[in-house]
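J.: Please see the structure below; I have some questions.
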Amino acid sequence: MTRARTVAALYDIHGVLPALEAVLAEPDVRWADLVLVGGDAVMGPFPAETLEALVGLGERALFVRGNTDRVLGELPADDPWAERNAWVCAELGDEATAAVTAWPESLAVEIDGLGQTLFCHGSPRSDTEILTRATPPERLAPILAEVREPVVVCGHTHVQFDRRFEGTRLVNAGSLGMPYEGETGARWALLGPDVELRRTSYDVEAAANRVRASGLPGADEFAEEYVLSSHSAQEATETFEGMAAER
Ligand SMILES: [Mn+2]
C-alpha cells in the first residue's frame, strides 16, 4: 500500500495544458507527496504535452484510467468525439496511447489523517458511472456496498463535492480542463490530512487562444464551451442525474 501525507488529485484534465500548468505551479501541488491523475487526462487539445508534463513528475505521479483514456483509438465512427479521438491518438503515437490505455481502473493510497483512500474515475465499479452531490441513497448503496476504504475519490462528472454516505466519505475532485462550476478556473482536490476542494484561476483568454491554435478538431468550440465558459454546477448535476436515472 502506497502511503502519503498529501495527495493532489488532478482529474479530468482533458488535455487542457494551460490549466495543468497553472495547477502544477501551485505550492500545495509542488509539495504534495503524490499527484494522482484521476483519468480523462489527454482527450483534448494538448494530449502529448499534457502526458509529458505528468510523466515528467516521475514517481510522484500515479495514474487512474478514465473512460476517454480507455477508448483511445476505438471510438465508433458515429461517436461525436470520434474525430477528436483519432486526432489525440495520432498526437500521442502508438506507444503513449498504449501506455494510457493500460492505466489501472482504480488504486488505493494510505493518506495521513484520512486513512485508506480509493481513487477511481466514475465509480469504484465503472469508469462511466455517474456520481454527483445529488445521487440518491438508493443508487449510492449498491455502488459503495463492496468498498472497504473510508474515503473514495471520483471524477467524471466535472463538479466538485464532498459528501458522506453511511461509513464512506465520497469526494469528487472536479475537473481541471472542463469544470462545470458556473465559473472558469481549474478544479482539483488536496487530500491529507483533510479534504480541500480547490480552484486555481488562470488566464483563460490566453488559454483559449492556445487551444484554438492546437489543431484539435473543433478547437474553437472546445475553447468556447470548456475554457471560456462554464455550465453551472446545478445544471450539470441535474443533467447527469437525469442521465443516470434513464440507465
Ligand atoms: Mn470521464
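Numbering of the sequence shown is given in the numbering used here, commencing with residue 2 and proceeding in unit increments.
From the three backbone atoms N, C-alpha and C, an ideal C-beta is built for every residue, glycine too.
Computed from a prediction, not measured in an experiment: that's the story for all the values here.
1. Which of helix, strand or coil does DSSP assign to residue 235?
2. Whose beta carbon lies closer than 5 Å to any heavy atom of ligand 1, going through the chain in order?
3. Measure the C-alpha to C-alpha separation of residue 6 and residue 114 and round it to an integer number of angstroms.
4. Among 145, 140, 165, which has the Cα closest to the Cα of residue 247?
5. With 16 other CB atoms within 10 Å as the buried threshold, where does residue 48 fall?
6. Given this structure, state the Cα-to-Cα distance separating residue 194 from residue 201, to the nearest angstrom.
7. Measure from the alpha carbon of residue 168 to the alpha carbon of each residue in 118, 73, 191, then state which is nearest.
8. In the DSSP assignment, find the unbroken beta strand (DSSP E) run with residue 199 in it and report its ends.
9. Grouping DSSP H, G and I as helix and E and B as strand, with all else coil, what is residue 111?
10. Whose C-beta lies closer than 8 Å to the C-beta of residue 61 among residues of the same chain, with five residues either side of it excluded?
11. So the alpha helix (DSSP H) residue 228 belongs to, where does it begin and stop?
12. List, from N- to C-terminal side, the alpha helix (DSSP H) runs of 4 residues or more that fit wholly inside the stretch 26-114.
13. Taking Cβ to Cβ, would you say residue 205 is nearer than 8 Å to residue 228?
14. Answer yes if the stretch 21-32 comes into contact with the stretch 78-98, meaning at least three C-beta pairs across the two stretches below 8 Å, and no otherwise.
15. Given a threshold of 16 other Cβ atoms within 10 Å of its Cβ, counted over all protein chains shown, does residue 43 qualify as buried or as exposed?
16. Which partner residues of residue 116 appear in the DSSP bridge assignment?
17. Out of curiosity, what's the CA-to-CA distance linking residue 180 and residue 18?
18. Compare the Cα-Cα distances from residue 54 to each of 22, 128, 235, 69 and report the closest residue.
19. Would you mind stating whether residue 10 and residue 45 have Cβ atoms separated by less than 8 Å?
20. Look up residue 129 in the DSSP assignment and say whether it is helix, strand or coil.
21. Determine the closest residue to residue 153 out of 177, 215, 90, 112, with distance taken between C-alpha atoms.
22. With C-beta atoms as the reference, is residue 177 less than 8 Å away from residue 187?
23. Quick check on DSSP: helix, strand or coil for residue 170?
24. Quick check: the Cα distance between residue 219 and residue 93, rounded to an integer number of angstroms?
T.: To lay it out plainly:
1. Correct three-state label for residue 235: helix.
2. 41, 67, 68, 157
3. A straight line joining the alpha-carbon of residue 6 with that of residue 114 spans about 8 Å.
4. 140
5. Flag for residue 48 reads buried.
6. Answer to the nearest angstrom: the Cα atoms are 20 Å apart.
7. Closest option to residue 168, Cα to Cα, is 118.
8. 196-201
9. strand
10. 33, 34, 35, 36
11. Note, residue 228: premise wrong, no alpha helix (DSSP H); not H, not E.
12. 28-31, 48-56, 68-71, 83-93, 95-102
13. yes
14. The stretch 21-32 and the stretch 78-98 do not touch, with fewer than three beta-carbon pairs separated by less than 8 Å.
15. With 16 or more neighbouring CB atoms inside 10 Å of its own CB, residue 43 falls in the buried class.
16. 112
17. 14 Å
18. Ranking 22, 128, 235, 69 by CA distance to the CA of residue 54 puts 22 first.
19. no
20. coil
21. Taking each of 177, 215, 90, 112 in turn and checking the Cα distance to residue 153, the smallest one comes out for 112.
22. yes
23. In this structure, residue 170 counts as strand in the three-state DSSP scheme.
24. Rounded to the nearest whole angstrom, the C-alpha separation of residue 219 and residue 93 is 18 Å.
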